[in-house]
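Trainee: Numbering (the working numbering), first residue to last: 1 to 476. Glycine residues also receive a C-beta, built at the ideal position from the N, C-alpha and C atoms. Below is one structure. I have some questions about it.
Below, the structure written as structure tokens:
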């Protein structure tokens, strides 16, 4: 029964002394859903397994009879709904199932001296009770680990009927070895539980806790500490930090602690700190990728302002006089890494950009003209609708100041107003059109998110959701 419960955790896993930037929470509602879904999967698997052979001997007064029961297969299984709960004593789960009835069939062979015999048999186990506890932990490399720490199985009774051969002689002696068979089955049940947990552990250790997102960034997702469990939920804290693949430099800021709100009406919740987004921003910045050179060919043809000294003379009167009729280029680069900040109801983005302007001589020589400091702040609202993540952006502030000039001082007010207007009228509508269409929420291998809601708080974003296991899929 434990594999059914852990299956939901496997869906969520991707997954040091530092604070987690990502938190993944499984609530009691999610745990119970995993139990219901897993019961059907476990019953399906039970009806397709073959149990190990059972061998032994019994003394029937006239001598010892050696027996082997082989090819034992489950024919029918009456699997009652199990009880599953978060178990704080072991930082894991406690699962119990009571009143399990199983019908099995197989072949029997006996040897009594030189006499060999065999046939088939039917077996029914009544009132099987199983209780098991697994512990969750953190492996040294940050993987989620799982260990089976206890299992108790009790078989209420076993009925066996032999067919074929000299079974009519063998049947009366069933009561001599029924206790041995009961003990073997009880031991086999717990061996199967331990084996299933060990298989899950191997699967968890084989999962990546760090992977390349693209050619620039990698994402580290190891656990930062052991899982936290109370009576109502399980909390996994993940590092959630992006790095530059080339330099792997630590950013000059740390993840700050945040507390996820209780969401008992949803199966799971994921909290994302603004540290995660800022580490990605710093990765691009530290690699020198937040820069671009703009020339006139990149300006839309409908723009009344061209990137040349004549057109820019509207804002800088002395420019066409000193450099008449020359094309221009702009070197735009981030002065600092852009920073995100989650606040109640909105995400804020602040950027500080330098713009160096050059005049291009006929021979291709670039002559420096001036440098501008461009600082901007934007607000983004995000929401989930129709299974898609959607959003909208507004501009809060935009300023242009002169940092240095080789052509003399000039006022930047008119230039600032023109660029601000272009952003509002041209850029933001295109961005908001794309954000309004949204991105479909990712589907996991065996499940999809449903009834999802998004909320932004101070320092983090939280997504709460239910999960729907896809019945067309099957766990391997």
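1. Going by DSSP, what residues sit across from residue 368 in a beta bridge?
2. Within the segment 204–251, note down every full beta strand (DSSP E) run reaching 3 residues or more, in order along the chain.
3. Tell me whether the segment 109–125 and the segment 151–171 touch, counting them as touching only if at least three CB pairs, one residue from each stretch, are closer than 8 Å.
4. Can you name the start and end residues of the alpha helix (DSSP H) that residue 433 belongs to?
5. Quick one: is the Cβ of residue 285 within less than 7 Å of any heavy atom of the ligand SAM?
6. Measure how close the beta-carbons of residue 350 and residue 371 come, nearest whole angstrom, since I'm counting them as under 8 Å.
7. To the nearest angstrom, how far is the alpha carbon of residue 222 from that of residue 228?
8. Is the segment 457–464 touching the segment 269–278 in the sense that three or more CB pairs, one from each, lie closer than 8 Å?
9. Quick one: which unbroken alpha helix (DSSP H) runs of 4-plus residues sit fully inside the segment 368–402? Chain order, please.
10. Please classify residue 233 as buried or exposed, where buried requires at least 16 neighbouring CB atoms within 10 angstroms.
11. Between residue 405 and residue 257, what straight-line distance do the alpha-carbon atoms span, to the nearest angstrom?
12. Please state whether DSSP places residue 185 in a helix, a strand or coil.
13. Going by C-alpha distance, which of 279, 328, 322 is nearest residue 297?
14. Which of the three DSSP states, helix, strand or coil, is assigned to residue 153?
15. Report all residues from its chain with a CB closer than 8 Å to the CB of residue 104; omit the five preceding and five following residues, and keep chain order.
16. Taking the runs of the alpha helix (DSSP H) that are 4 residues or longer, which of them lie wholly in the segment 279–360?
17. Across which residues does DSSP place residue 480 in a beta bridge pair?
18. So residue 134 and residue 84 are in contact, right, with Cβ under 8 Å, and what is the actual spacing, rounded?
19. CB-CB under 8 Å to residue 194, same chain, minus the five flanking residues each way: which ones, in chain order?
20. Suppose contacts are defined by Cβ-Cβ distances below 8 Å. Is residue 207 in contact with residue 116 by that definition?
21. With a Cβ-Cβ cutoff of 8 Å, do residue 237 and residue 220 count as a contact?
22. Throw me the rounded Cβ distance for the residue 283 and residue 244 pair, which I believe falls under 8 Å.
23. Using 10 angstroms around the beta-carbon of residue 407, count the other beta-carbons present and answer buried if the total reaches 16, otherwise exposed.
24. How many Å lie between residue 373 and residue 435 at the Cα?
25. If I'm right that residue 86 touches residue 230 with Cβ under 8 Å, what's the distance once you round it to whole angstroms?
26. Between the C-alpha atoms of residue 249 and residue 469, what's the straight-line distance to the nearest angstrom?
27. Whole angstroms is fine: what's the gap from residue 266's alpha carbon to residue 235's?
28. Applying the 10 Å Cβ sphere with the 16-neighbour rule, what's the burial state of residue 146?
29. Pairs of beta-carbons, one from the segment 320–336 and one from the segment 350–367, closer than 8 Å: are there three or more?
30. Does DSSP put residue 103 in a helix, in a strand, or in coil?
31. Ignoring anything shorter than 3 residues or poking outside the segment 446–472, list the beta strand (DSSP E) runs there in chain order.
32. Assuming residue 216 contacts residue 289 under a Cβ cut-off of 8 Å, what Cβ separation, rounded to an integer in Å, is found between them?
33. Restricting to Cα atoms, I'd like to know which of 109, 111, 140, 96 is closest to residue 129.
34. Hey, would you say residue 379 sits closer than 8 Å to residue 394, going by beta carbons?
35. Considering Cα atoms alone, identify which of 30, 19, 23, 22 is closest to residue 466.
36. Around the C-beta of residue 189, are 16 or more other C-beta atoms found within 10 angstroms, so that it is buried, or is it exposed?
Mentor: Looking at the coordinates:
1. Beta-bridge pairing links residue 368 to 358.
2. Within the segment 204–251, the runs of beta strand (DSSP E) that reach at least 3 residues and sit entirely inside it are, in chain order, 210–212, 217–220, 233–238, 241–244.
3. Counting Cβ pairs under 8 Å, three or more are found: they touch.
4. The continuous alpha helix (DSSP H) containing residue 433 extends over residues 428–437.
5. With respect to the ligand SAM, the structure shown offers nothing to examine, as it has no ligands at all.
6. At roughly 20 Å, the Cβ-Cβ gap does not stay under 8 Å, so residue 350 and residue 371 are not in contact.
7. Our two residues, residue 222 and residue 228, have alpha carbons roughly 15 Å apart in a direct line.
8. Enough Cβ pairs lie closer than 8 Å, so yes.
9. You should have found no qualifying run.
10. Residue 233 counts as buried, since no fewer than 16 other beta carbons sit within 10 angstroms of its beta carbon.
11. Going from the Cα of residue 405 to the Cα of residue 257 covers about 44 Å.
12. Residue 185 falls in the helix class under three-state DSSP.
13. The candidate whose alpha carbon is nearest that of residue 297 is 328.
14. In this structure, residue 153 counts as strand in the three-state DSSP scheme.
15. Answer for residue 104: 51, 72, 73, 74, 75, 122, 123, 124, 125, listed in chain order.
16. For the segment 279–360, the continuous alpha helix (DSSP H) assignments of 4+ residues that do not extend past its boundaries occur at 309–312, 319–322, in sequence order.
17. Lying before the first or after the last residue shown, residue 480 is absent from the chain, which here runs from 1 to 476.
18. The Cβ separation is near 11 Å, so there is no contact.
19. Within the same chain, Cβ atoms closer than 8 Å to the Cβ of residue 194 are found at 148, 151, the five residues on either side in sequence being excluded.
20. Taking 8 Å as the Cβ cut-off, residue 207 and residue 116 do not qualify as a contacting pair.
21. Contact: no.
22. By a beta-carbon distance limit of 8 Å, residue 283 contacts residue 244. Their separation comes to about 4 Å.
23. When all chains shown are included, residue 407 counts as buried.
24. Distance between the alpha carbons of residue 373 and residue 435: 28 Å.
25. Their Cβ separation, rounded to whole angstroms, is 7 Å, which keeps residue 86 and residue 230 in contact under 8 Å.
26. Approximately 39 Å between the Cα atoms of the pair.
27. Straight-line Cα distance between these residues: approximately 14 Å.
28. By the neighbour-count criterion, in which a residue is buried when 16 or more other Cβ atoms sit within 10 angstroms of its Cβ, residue 146 is buried.
29. By the Cβ rule, the segment 320–336 counts as touching the segment 350–367, because three or more pairs are nearer than 8 Å.
30. It is a strand residue.
31. Runs of the beta strand (DSSP E) inside the segment 446–472: 447–457, 460–469.
32. Contact between residue 216 and residue 289 holds: their C-beta atoms lie close to 7 Å from each other, under 8 Å.
33. Nearest to residue 129 by alpha-carbon distance, out of 109, 111, 140, 96, is 96.
34. Taking 8 Å as the Cβ cut-off, residue 379 and residue 394 qualify as a contacting pair.
35. When the alpha-carbon of residue 466 is set against those of 30, 19, 23, 22, the nearest one is in 30.
36. Label assigned to residue 189: buried.
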